[in-house]
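What follows is a short report on a single structure.
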Amino acid sequence: MRPLLLVAAVLAASASAQPDLGAFTAHADVGDVRTPGTVAYSPASATYTISGSGTNMWATSDEFHLVYRRMTGDFVLTADMAFVGEGVDPHRKIGWIARASLDPGAPYVDAALHGDGLMSLQYRAAAGDSTVQVVSDSSASTVRLARRGGVYSMSVARAGEPFTTVELTEPVDLGDEVLVGLFVCAHNPDVVETAVFSNVRVAVPVTSGIGDLVPADAEVEVLAEGFTWSEGPVWRPAEGDLLFSDVPENVVYRWSESDGLSAFLRPASRAFGSATPGEAGSNGLILDADGRLLLAEHGTRAVMRLGDRFVRDTLAARYDGRRLNSPNDLVLHSSGALFFTDPPYGLAGQDGSPQKELPFNGVYRLDSDGTVTLIDDGLSRPNGIVLSPDERTLLVANSDPARAIWMAYPVAEDGSVGEGTVLFDATEWVGPDRPGLPDGMAVDADGNVFATGPGGVLVFSAAGEYLGTIETEKATANVAFGDADGRALYLTSSDQLLRLRVATRGLGF
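Count the sequence shown with mature numbering (1 follows the signal peptide of the UniProt record, and there is no 0) and you get residues -19 to -1, 1 to 490, in order.
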């Protein structure tokens, strides 16, 4: 398990940022460095390759290369980092730093990974003072530097393991506005060392709101991993297990506390030649009032029901005489009506597919008599869909990076749906440093919405107020409440199935 990082907002690069620096705005050599440092940023992989020279970062003056931005207030900086090659000096250093200025003798605090594996929280309390360090007992591949209430801390972890944290007991005042960034120091003026930084996160910790729903000491458990793209989790109370899809692998998996992971349904969907390679399986999963599994299937381009002996019944496959695109997610109304979304992800070429029969991507209602009614044909990528506890509001996520929004639609007593309005727009948050787009959602008993999106799981109050984000550090497709008490939040997060205990209870528990 590793501790959960809660963030109110994950910061994007400013509008004036250099396009090749991602979340940062500038880079520079600090001190009298003989060989200038360099940085290369890959937007595709969101990795930074930084080279730097310099005599040292110690004593009263420093020499190193820095990639940075300015920040105020509290922050949490996280990255995976590794040296390139064996290097020359065992005391070469890479890591995160918060610094008062670019002056060589400026006050600073850093989380430094040394060439010999040593991890230390180093600081210079005042300009020209000698550097002091607090050594961690652990080495790491993931390094985090945080400032909360003026207190600096370093947390380190190896992949899949919990963080170990050390904190400064002496106050270090760098000022409210500081330079924060990644650094490389060769510990040798005649040598250039290189390091690669990935999964870089620049975040602001939550101070209110979400803390009432997710405990500050909550930990994310990795229950299973190795999937291609996990999706559509649903808890089965009668069986005490969780089902979820691996869409590209065309499998529905089962996970339980006692039995672990096993294949439940293979193939999850039967393709008819029009599915995108790697997108043939089922996506969203829910249970009907009788506990039967309903599947939004890419391969069959239909909403299906799994009956006894795994016999499948088609519930909806067409609208206005034309085949659906590839049903994605679904939610059941107490009346028996089923709401579902139908983006083009399961079609080869998506909107350009010759198999696409509908000229739009829709949101629909399927009535118990089989009637399919179009609710909205104006969303480019309709995806996750949920109902509020009173069933008067239908929420739909739009997974388009150019319009990353959540829509809210009024639902009348007869099940008819009115014109939608934008609940929240996260378009400006979309970027490689915040993986993910608006996708699957889950609602708790009080109407709070846990919505996967840029950076992890965004949390909205029942009134639609953004409360904060559970940062998952990778694209997260969907969430579901589960366990006997409904106080576990299951996350299908890229190649993993995750779980964390929360302070709220899922709707229906």
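Heads up, the beta-carbon is just placed ideally off N, CA and C, and yes, glycines get one too.
On a predicted model such as this, the values are computed, not experimentally measured, just so you know.
| task | With a 10 Å radius around its C-beta and 16 neighbouring C-beta atoms as the bar for buried, classify V187 as buried or exposed. | result | To locate residue 187, count along the sequence shown from 1; it is residue 206. A caution first: V187 carries a pLDDT of 49, below 50, which makes its placement in the model unreliable, though a value can still be read off. So V187 ends up on the buried side.
| message | Let me check understanding here. Comparing Cα to Cα, which of T433, G86, G33, E409 lies closest to W39? | response | To locate residue 39, count along the sequence shown from 1; it is residue 58. Closest by alpha carbon: G86.
| Can you tell me whether DSSP reads D118 as helix, strand or coil? | On the sequence shown, position 137 is the one that residue 118 refers to. Correct three-state label for D118: coil.
| said: Can you list, in chain order, the residues of its chain with a C-beta nearer than 7 angstroms to that of T41? Leave out the 5 residues immediately preceding and following it. | reply: Here residue 41 corresponds to residue number 60 of the sequence shown, with the count starting at 1. Non-local beta-carbon contacts of T41 in its own chain, meaning distances under 7 angstroms to residues more than five positions away in sequence, involve G86, G109, D110, S111 in chain order.
| said: Can you find the residues in the same chain that come closer than 7 angstroms, C-beta to C-beta, to R482, ignoring five residues on each side of it along the sequence? | reply: Stepping through the sequence shown from its first residue, residue 482 is reached at position 501. Same-chain partners within the cutoff: A199, R468, A469.
| task | Please name the residue, chosen from T30, A25, P24, S26, that lies closest to G18 on a Cα-to-Cα basis. | result | Locating residue 18 in the sequence shown gives position 37, where the first residue counts as 1. Considering only alpha carbons, the answer is T30.
| request: Please state if the CB of T123 and the CB of N37 are separated by a distance shorter than 9 angstroms. | output: Position 56 of the sequence shown holds residue 37. Position 142 of the sequence shown holds residue 123. Cβ atoms of N37 and T123: not closer than 9 angstroms.
| message | Just to confirm, is the Cβ distance from I78 to V65 under 9 angstroms? | response | Taking the first residue of the sequence shown as 1, we reach residue 78 at position 97. Taking the first residue of the sequence shown as 1, we reach residue 65 at position 84. Annotated as distal: I78 and V65, with beta-carbon spacing of 9 angstroms or more.
| query | Per DSSP, what kind of secondary structure is L2 in: helix, strand or coil? | reply | For the purposes of this step, residue 2 is identified with residue 21 of the sequence shown, where counting begins at 1. Reduced to three states, the DSSP call for L2 is helix.
| message | Classify T53: buried if its beta carbon has 16 or more other beta carbons within 10 angstroms, exposed otherwise. | response | Along the sequence shown, read from residue 1 onward, the residue named residue 53 stands at position 72. It counts as exposed.
| Taking Cβ positions, are L311 and V284 nearer each other than 9 angstroms? | For the purposes of this step, residue 311 is taken as residue 330 along the sequence shown, with counting starting at 1. For the purposes of this step, residue 284 is taken as residue 303 along the sequence shown, with counting starting at 1. Yes; because the gap between Cβ atoms is below 9 angstroms, this pair is in contact.
| Contact belief for V344 with V377 at Cβ below 8 angstroms, rounded distance in angstroms | Position 363 of the sequence shown, counted from the first residue, corresponds to residue 344. Position 396 of the sequence shown, counted from the first residue, corresponds to residue 377. Indeed, because the Cβ distance is near 6 angstroms, the residues count as touching under 8 angstroms.
| request: Say whether the stretch 216 to 224 touches the stretch 428 to 444, bearing in mind that this needs 3 or more beta-carbon pairs closer than 8 angstroms, one atom from each stretch. | output: no
| said: For S189 and L448, what's the separation of their Cα atoms in angstroms? | reply: In the sequence shown, counting from the first residue as 1, residue 189 sits at position 208. In the sequence shown, counting from the first residue as 1, residue 448 sits at position 467. Since pLDDT at S189 reaches only 48, below the 50 mark, its modelled position is unreliable, and no value is offered.
| field | Cβ neighbours of G76 in the same chain (closer than 8 angstroms, five flanking residues each side left out) | value | Here the question's residue 76 lines up with position 95 in the sequence shown. Once the five neighbours on either side are set aside, the close Cβ partners of G76 are M62, D91, A92, A93, L94, V124, L126, L163, F164.
| task | Can you have a look at A484 and say buried or exposed, based on whether 16 or more other CB atoms are within 10 angstroms of its CB? | result | Position 503 of the sequence shown, counted from the start, is the residue given in the question as residue 484. Under this definition A484 is an exposed residue.
| query | Can you pull the DSSP bridge partners for I386? | reply | As a position in the sequence shown, residue 386 is number 405, starting the count at 1. Paired residue(s): N379, D406.
| Beta bridge counterpart(s) of E368 as assigned by DSSP | Position 387 of the sequence shown, counting from 1, holds the residue named residue 368. In the sequence as displayed, the identity of residue 368 is Leu instead of Glu. L368 pairs with L375.
| field | Sequence ranges, alpha helix (DSSP H) only - wholly within the stretch 218 to 259, length at least 4 | value | none
| The beta strand (DSSP E) with V203 in it runs from where to where? | Taking the sequence shown and counting its residues from 1, the one referred to as residue 203 is at position 222. For V203, the uninterrupted beta strand (DSSP E) segment begins and ends at 200 to 206.
| task | Work out the CA separation of L472 and D420 for me, nearest whole Å. | result | The residue labelled residue 420 in the question sits at position 439 within the sequence shown. The residue labelled residue 472 in the question sits at position 491 within the sequence shown. Answer to the nearest angstrom: the Cα atoms are 12 angstroms apart.
| Nearest to V232 by CA position, among A270, E278, A383, is which residue? | Your numbering for residue 232 matches position 251 in the sequence shown. The residue with the shortest Cα to Cα distance from V232 is E278.
| request: Note down, in chain order, each residue of its chain lying with its Cβ closer than 8 angstroms to the Cβ of A205, except the 5 sequence neighbours on either side. | output: Position 224 of the sequence shown, counted from the first residue, corresponds to residue 205. These residues qualify, in order along the chain: Y234, W236, G241, L242, Q477, L478.
| query | Between C166, G434, E452, which lies nearest to S34 when the distance is taken from Cα to Cα? | reply | The count along the sequence shown starts at 1 and reaches residue 34 at position 53. Ranking C166, G434, E452 by Cα distance to S34 puts C166 first.
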